[in-house]
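Peer 1:
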Amino acid sequence: MVEPQPPVAPHPDIAPLAPLLGTWRGNGQGEYPTIQPFGYLEEIRFGHLGRPFLTYRQRTRAADNGRPMHAETGYLRCPRPDRVELILAHPTGITEICEGALTLADDELRMEFESTSIGRSGTAKLVTALGRSIRQTGDTIDYTLRMAAVGEPLQHHLAASLRRA
């Protein structure tokens, strides 16, 4: 029999990211020149294991019929009080490493990411750059995602607003 473990405190290096911990749900809109615009429902979970990173798990479903759409799994790191790193794997054969600025002011957390590395399996679509802007205030996260893919330049792709569950 495995004994239950007491809760682990977040690592001090991720203290600036602690407001993100928990489950967030909401909806968003997507668009890109090569596809029809679409609505989606989203859930993001930020957790921790007591190490200097947050765990990240994201899932989306179509707003019109609930069919599964996308998922991302990875880690959010805070190597310095003003810097963040996002390391993600996508089931579509893409890996994403983004780095950027972390700003904390007036109960608002902002992260601005630009991709520093995009990995692709042999069957993944050609994604050449990604950027994310994330703003958390109180019980709300708003974000946008920019993408350069399939011959298109870096441009708006997704926007969503999530509330703490």
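This note's numbering applies: residue 447 is where the sequence shown begins, and numbers increase by one.
All C-beta atoms in this analysis are idealised placements derived from N, C-alpha and C, irrespective of residue type, glycine included.
For the structure I just gave you, are there three or more beta carbon pairs, one from the stretch 461 to 471 and one from the stretch 488 to 495, closer than 8 Å?
Peer 2: Flag = yes, the stretch 461 to 471 and the stretch 488 to 495 touch.
Peer 1: Looking at C-beta atoms only, is the number of pairs between the stretch 571 to 584 and the stretch 596 to 607 that lie closer than 8 Å three or more?
Peer 2: Yes, the stretch 571 to 584 is in contact with the stretch 596 to 607.
Peer 1: Judging by CA-CA distance, which residue of 591, 474, 551, 609 is the nearest neighbour of residue 542?
Peer 2: It is 591.
Peer 1: Using a Cβ-Cβ cut-off of 6 Å (strictly less than) and excluding sequence neighbours within five positions of residue 563, which residues of its own chain qualify?
Peer 2: Cβ neighbours of residue 563 beyond the five flanking positions: 543.
Peer 1: So, with DSSP's three-state summary, where would you put residue 500?
Peer 2: Residue 500: strand per DSSP, three-state reduction.
Peer 1: Using a Cβ distance threshold of 8 Å, determine whether the stretch 523 to 540 contacts the stretch 448 to 464, with at least three qualifying pairs required.
Peer 2: These segments touch.
Peer 1: Quick one: grab the DSSP three-state call for residue 459.
Peer 2: Three-state DSSP puts residue 459 in a helix.
Peer 1: List the endpoints of the continuous beta strand (DSSP E) containing residue 573.
Peer 2: Note, residue 573: beta strand (DSSP E), 573 to 583.
Peer 1: Would you mind reading off the limits of the beta strand (DSSP E) that contains residue 473?
Peer 2: That run of the beta strand (DSSP E) goes 468 to 478.
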